[in-house]
Amino acid sequence: MMIRFDAKVVSCTKALGGDILQVLFDSEERDDEDNRQSPYVLLGRCYEFPGQPTVEWYDGSAYDGGEQIRSIQLKRDSVAITVDRWILHQPLSD
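Heads up: the sequence shown is residues 475 to 568, going by our numbering.
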């Protein structure tokens with residue numbers, strides 16, 4: 475399975491003094507998650523406990539996630555993420 479979309483919003487948030495870090499790639503800016511129909515990918519890392527970064531996503535029809543990230547390739551215009559089950563490819567917009 476591959477998810478591919480142009481990210482209109484890329485944001486980074488942290489909590490607990492930086493112990494929790496999240497990076498969001500979203501296909502549109504939104505405040506209402508209840509009616510979502512567009513894809514997003516959320517990368518997360520909790521430094522308070524040992525473990526790998528995780529990823530969750532919405533592919534336009536279903537939510538999934540909890541997968542550990544095995545590798546990430548970050549380029550100027552895209553990010554490719556390999557997780558336990560498949561590869562996610564995320565083009566980045568300017």
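In this text, a Cβ means the ideal position worked out from N, Cα and C, and glycines have one as well.
Checklist entry - Among residues of its own chain, excluding the 5 on either side of E503, which ones have a beta-carbon nearer than 7 Å to its beta-carbon? => result K482, V483.
Item to check | Minimum C-alpha distance to R478 - residue among R510, R544, D500, P524 | outcome: Here the closest residue by C-alpha is D500.
Checklist entry - Quick one: is Y521 buried, meaning 16 or more other Cβ sit within 10 Å of its Cβ, or exposed? => result exposed
Checklist entry - Within 10 angstroms of its Cβ, does E507 collect 16 or more other Cβ (buried), or is it exposed? => result exposed
Item to check | Residue range of the unbroken beta strand (DSSP E) whose run includes L548 | outcome: 537-548
Next on the checklist: The beta strand (DSSP E) that contains Y532, what's its start and end?
Outcome noted: Run containing Y532: 528-532, per the beta strand (DSSP E) assignment.
Checklist entry - What did DSSP end up calling G492 once you bin it into helix, strand or coil? => result Under the three-state reduction of DSSP, G492 is assigned to helix.
Next on the checklist: Quick check: what's the CA-CA separation for D480 versus D551?
Outcome noted: 10 Å
Item to check | Contact check, G518 vs P527, beta carbons under 8 Å | outcome: yes
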